[in-house]
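Report on the following structure.
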Amino acid sequence: IEDGLKTGTRAASETQHHPMQDEALEKPSVTVAVCTRDRPDSLEACLASLERLEGNVAEVIVVDNAPSSDATRHLVASGGPEFRYVRENRPGLDWARNRAIVEARGDIIAFTDDDCIVDPGWTHALALAFSESPHVSAVTGLVVPYELETEAQILFEAYGGFGRGFRRRWHHVSPTGRAHIGSGNFGTGANMAFRRSTLERLGGFDPALDVGTVTNGGGDIEMFFRVLQEGHTLVYDPNAIVRHRHRRDYANLHRQLTDHGIGFSSYVTRSVLAYPAQLRNFMWFTRWWLWRWILRRIGRSVMSPASFPIELVLAELKGGVKGLTRYRRSRRRADQIRTRATETGSQSETP
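Under my numbering, think of the first position of the sequence shown as 893, with each following residue one higher.
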């Protein structure tokens, strides 16, 4: 136990199940949710990979978030019968995620992104992890690059990418601990799954966070933190594999790292407001982020400019500063959207 975080670690190869063991475990049903907005080309490849899934998949829900056209609706209609289209008019990724929670029929909701290609055994591995213990409320998995063809893609992977290693880990915390505050270590929104009952109990994702709002991120890591803070268990299982298409050009990479900084600060602000007793621990983590994550990377960039451009590190730092005021602004906006949607009753459509 370190800083209140109880962590069990095993190599992924040690967690491979024997076929007879798989049959003995009662696996929960899985709803796959893909939240998207105006990216039918990326989504088409994602849906093609979802058609090849093995395991107990109840359905695939595509949540079309405040779209500007019917392209996604037509794409989903041309797919298999397991695909279900839902339109969510309230703009923001976490609004779309919350709509998936409302619509889901499976015991487990597995989220991936429209720029991802999932492994055929992805949902099977997720379901196995949940079936091992009723105390497991969240499972994240391995995210590897789909391709490394451009300098921007290589730089992002060198910066850290979305990978979280090849060792399986169980996490359960003391509510006064601090190691889980760095919740980005537990996974990413491109490959995460939760018990539907847990998400309902926690009130869903915070719609003031993530893409489509001025916070530009943080919705996934805030939920990881909240799951652990509220006494649930999270498992990282690298047997659940997703391949992510990194940004191909430098300008988009620069923008992405800026957004990471904004999302980080927004996550910290939201969590301190929700759990004021954790203020000291978040102050410690913010100092760690500045020193260990940012300043050390700046130092390495200065010593070896070719290894990683300093302007990319500074982009994340500037984003972190910008994000200090973003959450409160976004919270007010989310409240306005919620009020307007309640008054009009037109937040979403399901054909």
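From the three backbone atoms N, C-alpha and C, an ideal C-beta is built for every residue, glycine too.
Nearest neighbour of residue i, chosen from the options [CA to CA]
| i | options | result |
| --- | --- | --- |
| Phe1003 | Ala988, Gly1013, Val1194, Asn1083 | Asn1083 |
| Arg944 | Gln1228, Arg965, Arg929, Gly971 | Gly971 |
| Thr1032 | Tyr1159, Arg1218, Pro1130 | Pro1130 |
| Val1028 | Leu1126, Ala996, Ser1157, Leu1165 | Leu1126 |
| Phe1058 | Val1036, Thr1042, Arg1070, Ile1073 | Val1036 |
| Tyr1167 | Trp1062, Ile1073, Trp1183, Asp930 | Ile1073 |
| Gly947 | Leu1020, Gly1155, Phe1078 | Leu1020 |
| Glu1051 | Ser1158, Ser960, His1138 | The residue you asked about is not Glu; residue 1051 is Tyr in the sequence shown. That would be His1138, whose Cα lies nearest to the Cα of Tyr1051. |
| Glu936 | Ser960, Phe975, Ala1226, Ala1030 | Phe975 |
| Ala1143 | Glu1092, Tyr1128, Arg1189, Leu1204 | Leu1204 |
| Glu1114 | Gly1081, Arg1056, Lys1210, Arg1218 | Gly1081 |
| Ser1075 | Trp1181, Glu1043, Ile1186 | Trp1181 |
| Glu1043 | Ser1199, Gln1121, Ala1017, Arg1232 | Ser1199 |
| Glu1136 | Gly1055, Arg1220, Ala1226 | For clarity, residue 1136 is His in the given sequence; the question names Glu instead. When each option's Cα is compared against that of His1136, the closest is Gly1055. |
| Arg1140 | Glu1122, Arg1232, Thr1236, Glu1049 | Glu1049 |
| Phe1255 | Ala1226, Ser1193, Trp1176, Arg1192 | Nothing about residue 1255 can be reported from this structure: the residues present for the chain run from 893 to 1243 only. |
| Ile1001 | Ser1025, Ala1030, Pro1012, Arg1188 | Ala1030 |
| Glu1122 | Gln1148, Arg1172, Val1065 | Val1065 |
| Pro930 | Ser961, Val924, Val949 | Here the sequence assigns Asp to residue 930, which means Pro is not the residue at that position. Checking every option, the nearest Cα to that of Asp930 belongs to Ser961. |
| Gly1153 | Leu1165, Val1134, Arg1218, His1124 | Arg1218 |
| Asp1013 | Glu1041, Val1134, Arg1188, His1124 | This sequence places Gly at residue 1013; Asp is not what is there. Minimum Cα distance to Gly1013 is reached at Val1134. |
| His1124 | Arg1220, Asn1077, Pro1026, Ile1190 | Pro1026 |
| Phe1177 | Asn1077, Arg1232, Gln1148, His1063 | Asn1077 |
Enclosing alpha helix (DSSP H) for residue i [first to last residue]
| i | result |
| --- | --- |
| Gly1111 | 1111-1121 |
| Ser1222 | 1218-1236 |
| Leu1209 | 1202-1214 |
For residue i, the residue or residues it bridges with in DSSP
| i | result |
| --- | --- |
| Leu1126 | Ala1030, His1063 |
| Arg1135 | Ile1009, Val1036 |
| Thr923 | Glu951, Ile1001 |
| Arg1087 | Ile1000 |
| Thr928 | Asp956 |
Whether residue i touches residue j by CB criterion (7 Å)
| i | j | result |
| --- | --- | --- |
| Pro920 | Phe1022 | yes |
| Asn981 | Ala958 | yes |
| Asp1102 | Gly1111 | yes |
| Ile953 | Glu918 | no |
| Asp1006 | Ser934 | yes |
| Pro1067 | Trp987 | no |
| Thr1015 | Val1160 | no |
| Ala1207 | His1146 | yes |
| Ser1158 | Gly1079 | no |
| Cys938 | Arg989 | no |
| Thr1150 | Ser1222 | no |
| Gly1104 | Gly984 | yes |
| Glu951 | Arg997 | yes |
| Gly1069 | Gly1109 | no |
| Leu1209 | Ile1186 | yes |
| Ser941 | Ile1046 | no |
| Asp956 | Arg979 | yes |
| Phe852 | Ser1163 | This structure cannot settle anything about residue 852, because the visible part of the chain is limited to 893 through 1243. |
| Leu1018 | Ala1169 | no |
| Ile993 | Leu1091 | yes |
| Ser1196 | Ile1202 | no |
Check: residue i C-beta below 6 Å from any heavy atom of the ligand MG
| i | result |
| --- | --- |
| Met1115 | Only the bare structure without any ligand can be found here, which leaves the ligand MG out of the picture. |
* Asked: Which runs of the beta strand (DSSP E), 3 residues or longer, sit entirely within the region 993-1045?
  -> Within the region 993-1045, complete beta strand (DSSP E) segments of at least 3 residues are found at 1000-1005, 1008-1010, 1028-1037, given in chain order.
* Asked: Residue ranges of each beta strand (DSSP E) run of no fewer than 3 residues wholly in the region 932-990, ordered along the chain?
  -> DSSP runs (the beta strand (DSSP E)) wholly in the region 932-990: 949-957, 975-980.
* To do: At 4 residues or longer, and completely inside the region 1133-1189: list those alpha helix (DSSP H) runs for me, N to C.
  => List check, alpha helix (DSSP H) in window: 1142-1166, 1171-1180.
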